[in-house]
Each structure stands twice: as C-alpha cells, then as structure tokens.
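This report concerns only the one structure given below.
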Ligand SMILES: Cc1cc2nc3c(=O)[nH]c(=O)nc-3n(C[C@H](O)[C@H](O)[C@H](O)COP(=O)(O)OP(=O)(O)OC[C@H]3O[C@@H](n4cnc5c(N)ncnc54)[C@H](O)[C@@H]3O)c2cc1C
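Numbering (the numbering used here), first residue to last: -14 to 430.
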C-alpha cells in the first residue's frame, strides 16, 4: 500500500530529532562555523540521544532502523546546521561497508562497540588525485601472509581528525582498476597512521575534513571488509544506501532557508507594504516550498525502496542530484528575499548558502549522478510506448479502417525517416516528403 504517513515511532523520532537540533545544534552552529571546528560534544550528545548509528542491526546492539528513520533524523539536524548534520551522519556512512561486508567477525568486534560507546567511524574512498573515479584509487594494499600492508593517502575524510576507526578503500594494484579495489577497517591508533591538518573550506566548517596518510600500516586479516575485486561493489552498494541521506540534508537546509525567508518576508516592509504582499515574493516562496516538498518525496521514495529490498541505486541518485541542486536554488532565493541582510553573517542564510554548496559535490557529484541515471535510462529502462517506427499515428484516416484486409488501400506504411504514413497495398516507391526510397517504409501493426 502506498502511504506517506510516518508511523507513530517515526513521528516521535522526527520530533525528538527536531527538539534536539533546535536545542543543541542551532545555538552553536554559527560559532563553530566561524572558528572552523567540529563541536564533538554535540556529536556525543546526538549519540547519547540515540540519533546516530541507527542503522546498526539489533543483533549487534543497534537500533536496526531503516533508511527512512535515518533521513527523517537527518532532515531535522541539517535544518539546524548542515555541517554538524554531515558529521553526525558520517558514522552511518563509515559503518555501512562493515554492515554490508561478508566479515562477520569484524562486525561482531566493532558494531557493538560503536553502538554502545561514543565511537566515530569515517569512510574513505577519495584521494588527493581522485574522487569521482573510484576505480582510480592509488592507495595500495600489499598482501603479506594473511595481512595487508597499506601505503598511500586518503583525502577529504569527513570526521577523519576526530574518528576512532576508518573504512578505507585501497587497491591491490592501481593498474587493475575495479578488479583491484579492496576495503579494510583501520584503527586510528595503529602504527603508521597519520592524520593531516584540517582542510579549510568554504562551508560546512562545523564538519571536520582531513587527509589521512598510511605508511606501512599492517591490517590483520580480521579487518578485511572486502578482498581485492570486491571493494568497488562494496563502495557502490554503500553509496546506494547513503545517497538518499544527502538528499535529506538538502531538504532540511532548504526547508530552513524557506522558513527564514517566509518569516522575513512577512515582517520586512518596502513601498508601504510588507514584501510578502508582492506577488513576485509570493511566487518565490511558492517555488521554494514546491522544491522542498518534491525533494522530500524523492528522498522518501529512495529510502522506501532500500527498506523494502528494492535496489535503490537509481532513485537515490535522482533524489541526491535533484534535492541538492534545488536546495541551492531555494537558499539563493531566500538570500534574495533577505536583500542585503541575506549577504551578511548576521542572518543564517549566508551560512546555509555556503553549506549547501557542498551537497552537489560529495558522495558523487551532480555530474556523476547524471551519468548513473543516464546510463540506466539508455540501457535498462523498460519503455511502455511502442518504438516510433511501429507507432500508429493516423491523422489522415480513421484508425478503425486501417489494416483491414478487406479495405485494400488501408494498409498503413510508415516512413522510418520522416514519419509520413502512406496508405495503400504497397509502400510508395519514394517518400513524398523526405524522398527516401521504398525500403525506408515499414508496415504498421
Ligand atoms: C567537504 C568534503 C567532504 C568529503 N567527505 C568525504 C568522505 O568522507 N569520504 C570520501 O571518500 N570522500 C569525501 N569527499 C570527497 C568527495 O566525494 C569528492 O570530492 C567528490 O567525489 C568529487 O571528487 P573530486 O573532488 O576528486 O573531483 P573530480 O573527480 O576530480 O571531478 C572534478 C570535476 O569533474 C567532474 N567529472 C569527473 N568525472 C566526470 C565524468 N566522467 N563526466 C563528467 N564530469 C566528470 C566532476 O563532476 C567534477 O565537477 C568529501 C569532499 C568534500 C569537499
């Protein structure tokens, strides 16, 4: 049954996340953004409030939430601060390869710890020289007995400077592309792991981002999440399950910008009237609301698919690139409604504008999402409509007369080039419109 209502538990979770965000996230967001620091104490509070790690299955001491619960929580935290939301959600991204891996022993070792204690786990496919092309990983994993030795640098690692564990993607041999990709769970304290300085960013400055260097880091066999050849698929499966949440970030941030703009428009006066009385402002608000609502529908659809055992890859890509792109439009229009004040740090739009810009980049850029969706549309999408050359497009004759054996001149022949339909026992020698020969005609069914 199609149903867009949240269950009682999901509604409670949403309200809990909302209250948490308004009380603990919103008041500190501007300050931590200014000093370019992740408020680890807020991440800890989110953990204590039960708003992180929801996706750890119950058998490992987790809550066993679905993706939908995750996106409901995420929207609320992102509305208060997209950067803090990224850092809160990052555990879900970091632990997903562990949840999806075949390594039961690693799951038993790490998942209960992450569920019970405040532990952060980051995810790293990206490197200084590579982000979109995951098959181009250069960080090497060299087999040594049953262990692997890691050498190389991962970059753009969210929470990397504050995390305890990392899901690291490496390669057995950079030349072997997809076939060489493998994945490991690495601990920060292991010998040879170095954490880089915090990368200074345009926005999402409340979310820590660093590079991590591995110098002959020994990974025991117990920590292999995917052997060479299985890592690429593990990374892609992870993204299919986490991309909807990026859409949810965008919904939350866009919703907040819309609400601030609505409030401002009702109070700001110009030309003797409230600016909300001007139709051009009303239409902006209508479009902002339309974009927030349509984005949430796409995010929920992708989440619903994932939670119901349907491959969510395409829906998650669509949700991600649609929601993240329109969020930028919504925030930009909100800034326009605020006029000059929108451009200052004294109001929240300026920060949202910087924060939201990241959504089109991480977890697969908008361009990569378009490649995924166009690949599906061109190669796998099942069309309902007949092929054009078989189309019965009769505008010169009553369709009921066409192709009747008794009506000799009613056989329809369609020119495959220009679409002209000729009626007669045979196709014409030449199309009267495009001059292509008889062979270009096909009998319509
Ligand atoms: C703040 C932040 C946090 C991040 N957190 C993480 C994290 O926790 N873990 C992690 O692994 N990564 C993380 N990333 C990395 C992020 O996923 C990458 O930046 C992203 O995938 C793009 O990779 P790139 O920056 O190397 O750009 P490139 O891959 O070099 O792409 C550059 C440009 O070319 C375009 N492009 C590339 N290939 C194609 C193509 N075939 N067709 C058309 N256009 C193409 C891209 O869309 C982009 O516009 C983070 C990034 C940032 C900025």
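Beta carbons are placed, not taken as given, at the ideal position from N, Cα and C, and that holds for glycine.
This structure is a prediction, so every number in the text was calculated from the model and none was measured.
Please go through the same chain and pick out, in chain order, the residues whose beta-carbon is closer than 6 Å to the beta-carbon of residue i, but skip the five residues on each side of it.
{"i": "residue 216", "result": "154, 166, 167 and 168"}
{"i": "residue 377", "result": "429"}
{"i": "residue -14", "result": "none"}
{"i": "residue 353", "result": "117"}
{"i": "residue 34", "result": "5"}
{"i": "residue 198", "result": "138 and 179"}
{"i": "residue 337", "result": "238, 242 and 316"}
{"i": "residue 345", "result": "309 and 351"}
{"i": "residue 416", "result": "400 and 405"}
{"i": "residue 56", "result": "229, 230, 233, 284 and 288"}
{"i": "residue 79", "result": "106, 107, 108 and 152"}
{"i": "residue 144", "result": "72, 75, 105, 107 and 193"}
{"i": "residue 298", "result": "225"}
For residue i, I'd like the list of residues in its chain whose CB is within less than 7 Å of its CB, leaving aside the five on either flank, ordered along the chain.
{"i": "residue 204", "result": "132, 133, 135, 169 and 171"}
{"i": "residue 64", "result": "6, 237, 238, 240 and 241"}
{"i": "residue 10", "result": "27, 62, 65, 66 and 69"}
{"i": "residue 162", "result": "120"}
{"i": "residue 103", "result": "29 and 32"}
{"i": "residue 147", "result": "23, 25, 105 and 193"}
{"i": "residue 249", "result": "322 and 323"}
{"i": "residue 266", "result": "250, 260 and 322"}
Using a threshold of 8 Å, is the CB atom of residue i nearer than that to any non-hydrogen atom of ligand 1?
{"i": "residue 147", "result": "no"}
{"i": "residue 186", "result": "yes"}
{"i": "residue 140", "result": "yes"}
{"i": "residue 348", "result": "yes"}
{"i": "residue 20", "result": "no"}
{"i": "residue 309", "result": "no"}
{"i": "residue 352", "result": "yes"}
{"i": "residue 31", "result": "no"}
{"i": "residue 337", "result": "no"}
{"i": "residue 227", "result": "no"}
{"i": "residue 115", "result": "yes"}
{"i": "residue 85", "result": "no"}
{"i": "residue 356", "result": "yes"}
{"i": "residue 78", "result": "yes"}
{"i": "residue 223", "result": "no"}
{"i": "residue 75", "result": "yes"}
{"i": "residue 144", "result": "yes"}
{"i": "residue 189", "result": "yes"}
{"i": "residue 109", "result": "yes"}
{"i": "residue 359", "result": "no"}
{"i": "residue 343", "result": "yes"}
{"i": "residue 302", "result": "no"}
{"i": "residue 194", "result": "yes"}
{"i": "residue 23", "result": "no"}
{"i": "residue 71", "result": "yes"}
Can you find the residues in the same chain that come closer than 8 Å, C-beta to C-beta, to residue i, ignoring five residues on each side of it along the sequence?
{"i": "residue 389", "result": "395"}
{"i": "residue 335", "result": "320, 327, 328 and 329"}
{"i": "residue 126", "result": "133, 134, 135, 155, 156, 157, 167, 169, 204 and 213"}
{"i": "residue 283", "result": "232, 300, 303, 304, 307 and 308"}
{"i": "residue 101", "result": "46"}
{"i": "residue 92", "result": "45, 83, 84 and 86"}
{"i": "residue 374", "result": "399, 401 and 427"}
{"i": "residue 42", "result": "49, 84 and 96"}
{"i": "residue 113", "result": "138, 140 and 196"}
{"i": "residue 413", "result": "398, 407, 423 and 426"}
Write down the C-beta distance between residue i and residue j rounded to the nearest angstrom, noting that I regard them as a contact closer than 8 Å.
{"i": "residue 235", "j": "residue 291", "result": "Wrong, their Cβ atoms sit about 18 Å apart, outside the cutoff."}
{"i": "residue 74", "j": "residue 109", "result": "With a Cβ gap of about 16 Å, residue 74 and residue 109 do not count as contacting."}
{"i": "residue 82", "j": "residue 46", "result": "That belief does not hold up - the Cβ atoms of residue 82 and residue 46 are roughly 19 Å apart, past 8 Å."}
{"i": "residue 465", "j": "residue 107", "result": "Residue coverage of the chain in this structure runs from -14 to 430, which leaves residue 465 outside it and unanswerable."}
{"i": "residue 280", "j": "residue 193", "result": "Not quite, the Cβ-Cβ distance comes to about 27 Å (not below 8 Å), so this is no contact."}
{"i": "residue 59", "j": "residue 287", "result": "The pair is not a contact, with the Cβ atoms about 13 Å apart (cut-off 8 Å)."}
{"i": "residue 85", "j": "residue 223", "result": "6 Å"}
{"i": "residue 76", "j": "residue 38", "result": "5 Å"}
{"i": "residue 380", "j": "residue 427", "result": "Wrong, their Cβ atoms sit about 18 Å apart, outside the cutoff."}
{"i": "residue 311", "j": "residue 276", "result": "4 Å"}
{"i": "residue 296", "j": "residue 359", "result": "Not really, about 17 Å apart at Cβ, beyond 8 Å."}
So is the beta-carbon of residue i under 8 Å away from any non-hydrogen atom of ligand 2?
{"i": "residue 118", "result": "Here the bound small molecules are ligand 1; ligand 2 is not part of this structure."}
- Task: Enumerate, from N- to C-terminal direction, the unbroken beta strand (DSSP E) stretches of 3 or more residues contained entirely within the stretch 170 to 254.
- Result: 178 to 180, 194 to 204 and 209 to 211
- Query: What runs of the alpha helix (DSSP H), each 4 residues or longer, lie entirely inside the stretch 85 to 158?
  - Reply: Here the runs fully enclosed are 89 to 101.
- Report yes or no: do the stretch 207 to 216 and the stretch 250 to 259 share at least 3 C-beta pairs separated by less than 8 Å? no
- Query: Which runs of the beta strand (DSSP E) fall wholly inside the stretch 262 to 302 and span at least 3 residues, in chain order?
  - Reply: none
- Task: Count the CB pairs spanning the stretch 338 to 346 and the stretch 183 to 193 that are closer than 8 Å, and state whether there are at least three.
- Result: yes
- Task: Starting from the N-terminal side, write out each stretch of the alpha helix (DSSP H) that is 4 residues or longer and does not extend beyond the stretch 351 to 396.
- Result: 351 to 364
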